[in-house]
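Each residue of the sequence shown is one higher than the one before, starting from 606 at the first, in this note's numbering.
The C-beta atom is built at its ideal place from N, Cα and C for all residues, glycine as well.
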Amino acid sequence: MASPEIDALSQALARLPGLGPRSARRAVLHLMKKRETALMPLLRALETVAEKLSTCTVCGNVDTIDPCAICADPRRDPRMLCVVEEVSDLWALDRSRLFPGKYHVLGGRLSALEGVRPEDLGIDRLVARVAEGGIDEVVLAMNATLEGQTTAHYLAERLDRFPIRLTQLAHGLPVGGELDYLDEGTLAQALRARRPVA
Ligand SMILES: [Zn+2]
Numbered sequence: 606m607a608s609p610e611i612d613a614l615s616q617a618l619a620r621l622p623g624l625g626p627r628s629a630r631r632a633v634l635h636l637m638k639k640r641e642t643a644l645m646p647l648l649r650a651l652e653t654v655a656e657k658l659s660t661c662t663v664c665g666n667v668d669t670i671d672p673c674a675i676c677a678d679p680r681r682d683p684r685m686l687c688v689v690e691e692v693s694d695l696w697a698l699d700r701s702r703l704f705p706g707k708y709h710v711l712g713g714r715l716s717a718l719e720g721v722r723p724e725d726l727g728i729d730r731l732v733a734r735v736a737e738g739g740i741d742e743v744v745l746a747m748n749a750t751l752e753g754q755t756t757a758h759y760l761a762e763r764l765d766r767f768p769i770r771l772t773q774l775a776h777g778l779p780v781g782g783e784l785d786y787l788d789e790g791t792l793a794q795a796l797r798a799r800r801p802v803a
């Protein structure tokens, strides 16, 4: 029905999270109809991001600048640090705009099953950041999954020797729930009601 070029575009879009073949075809049609107002701006945005994409050497976020926009923002409170498993969790929490501090992305969670060990995650970097001083509170914002909670316990042990307030999200979070999938209200409430790590 369409040339191989257009097929290739449809297939590439269909592989994106949240899109399937049907929505990918609709997106392609839209892009072709709106060459100047949709296709070209998308192309330029993709090019720019692809060119500048980098992982923040401070916190592990992905952005087009390093340090990332959050780490570089002087309005952020450097005394508060929120630790998350994935970049998607950071973005989910930051959408709620309730956390005024900075973040640290681990890049996963401890998992005996998948063979993920502490040294596979950004844990040493986290401990080093806290050891540098100037941080009063660390919020452990792990997912409410078994592995997320195992990771939180491990972090609590590693951070025990520092003079900081260690808190975690209140688990009105659904059991097995992942931060990225929560509505902003639930997430905001969990952050507001965070409690000391036992
Ligand atoms: Zn950063």
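As assigned by DSSP and simplified to three states, the class of residue i
i: Gly623; result: coil
i: Met747; result: coil
i: Pro801; result: strand
i: Leu771; result: strand
i: Thr756; result: helix
i: Glu783; result: coil
i: Ser608; result: coil
i: Glu762; result: helix
i: Val667; result: strand
i: Glu742; result: strand
i: Thr791; result: helix
i: Thr642; result: helix
i: Thr660; result: strand
i: Asp737; result: First, the residue type needs correcting, since residue 737 is Glu and not Asp in the sequence shown. Note: Glu737 maps to coil in three-state DSSP.
Close-in-space but distant-in-sequence residues of the same chain around residue i (CB under 8 Å, 5 per side omitted)
i: Leu644; result: Leu636, Met637
i: Lys657; result: Thr669, Ile670
i: His709; result: Cys664, Gly665, Leu686, Cys687, Val688, Val689, Gly727, Arg730, Leu731, Arg734
i: Leu647; result: Leu636
i: Val667; result: Leu658, Ser659, Thr660, Cys661, Cys673, Val692
Beta-carbon gap between residue i and residue j smaller than 8 Å
i: Arg712; j: Gly753; result: Per the sequence presented here, residue 712 reads as Gly, with Arg not at that position. Their beta carbons are not under 8 Å apart, which means Gly712 does not touch Gly753 by this criterion.
i: Ala661; j: Lys707; result: For clarity, residue 661 is Cys in the given sequence; the question names Ala instead. It is not a contact, given that the beta carbons lie outside the stated cut-off.
i: Arg630; j: Ser608; result: no
i: Ser693; j: Leu792; result: no
i: Val654; j: Thr669; result: yes
i: Ala798; j: Ala761; result: no
i: Leu745; j: Ala733; result: no
i: Asp785; j: Ala674; result: no
i: Arg730; j: Gln773; result: no
i: Ala632; j: Leu618; result: yes
i: Arg684; j: Gly738; result: no
i: Asn748; j: Glu789; result: no
i: Leu796; j: Leu703; result: yes
Contact set for residue i: own chain, Cβ-Cβ below 7 Å, skip 5 residues either direction
i: Val743; result: Leu686, Val688, Val735, Leu764, Ile769, Leu771
i: Pro723; result: Leu715, Tyr759
i: Gly623; result: none
Cutoff 6 Å; reference residue i; Cβ partners in own chain excluding five residues on either side
i: Val721; result: Gly713, Leu715
i: Asp682; result: Pro705, Gly706
i: Phe767; result: Val735
i: Leu621; result: none
i: Thr755; result: Leu715
Length at least 3, wholly inside the region 678-731: the beta strand (DSSP E) runs in chain order: List check, beta strand (DSSP E) in window: 682-689, 706-710.
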